[in-house]
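Student: Under my numbering, residues 763 to 918 are what the sequence shown spells out, in order. From the three backbone atoms N, C-alpha and C, an ideal C-beta is built for every residue, glycine too. Computed from a prediction, not measured in an experiment: that's the story for all the values here. Below is a structure I'd like to ask you about.
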Amino acid sequence: MNGISEEEAVQLFEGIRKNSQSDGIAPYADLVDHYQVVSKTFTYSKNSTYSATSEATLWLRGKGSYFQIQGVVGSATRIQTGTSTASWVQLYNNYNASFPSLSVDFVGSGHFTESRTHSGGGSVNINGFNLTGSTAYTDTYSSDTMSLIWTYKLYA
C-alpha cells in the first residue's frame, strides 16, 4: 500500500466513522475486505546459514488505496525455505495492536535443531549450535534461542 500518508489514512477513516448513520449503515457501503500475507525473515546471528521467518495473514478493510488493518487472521514463525536439513522449534508467537490499526507489532522466538550422522568416534561441529543429544552415530544440535521482533506498517 502506498500513495497515502499515515495521517491521510487516519483522517479518511475518521471521516468514515463520523459519517456512519445511527442505524449502523455506513454511506461507504462499497468498502471491501482484503487479506494480505506479510512476513519478515531473520538470519541467525551465530550462523548465517540458518534463517527463520515470521509470517502473518492480515485482514484489511477499505476502499481504493485506503485500507486499515482489522485483525490478524493467523501468524506463525517457521524455518526459512532452503535452510539445510534443520528443524525450527517455535517457542513463542504473538502480535499486538489496537484494531482497527495501521500497524501491528509481531513477537516470536524459537531455535533450530539439526541432526548429523557420523561414522562413529567423533562428532561434527555446527557453528553457533550446542550438542544436545547423541546416539551411536547421530548427534543432535540446537541453536540459541532467536528472537523475531518486528513491526508491519500498512503505510510505510
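1. Excluding the 5 residues flanking SER813 on each side, which residues of the same chain have their C-beta closer than 8 Å to its C-beta?
2. Are THR847 and SER816 close, meaning C-beta to C-beta below 9 Å?
3. Any idea if ALA818 is buried or exposed, counting beta-carbon neighbours within 10 angstroms, 16 or more meaning buried?
4. On the CB-based measure, 16 or more other CB atoms within 10 Å of its CB, does VAL886 come out buried or exposed?
5. Just to confirm my understanding: we take TYR914, look at its own chain, exclude 5 residues before and 5 after, and list those with CB closer than 6 Å. What are they?
6. Go through the region 798–863 residue by residue and report every complete run of the beta strand (DSSP E) that reaches 3 residues or more, in order.
7. Could you tell me the boundaries of the beta strand (DSSP E) in which ILE911 lies?
Tutor: Once the coordinates are examined:
1. Within the sequence shown, the letter at position 51 stands for residue 813. Excluding sequence neighbours, SER813 sits near THR803, PHE804, THR805, TYR806, ILE841, GLN842 and THR845.
2. Start at 1 with the first residue of the sequence shown, and residue 847 comes out as number 85. Start at 1 with the first residue of the sequence shown, and residue 816 comes out as number 54. Cβ atoms of THR847 and SER816: not closer than 9 Å.
3. On the sequence shown, residue 818 is found 56 positions in, with the first residue counted as 1. Result: buried.
4. Locating residue 886 in the sequence shown gives position 124, where the first residue counts as 1. It counts as exposed.
5. In the sequence shown, residue 914 corresponds to position 152, counting from 1. VAL800 and VAL866.
6. 813–825, 828–841 and 849–858
7. Along the sequence shown, one-based indexing puts residue 911 at 149. Counting along the chain, the beta strand (DSSP E) containing ILE911 begins and ends at 908–915.
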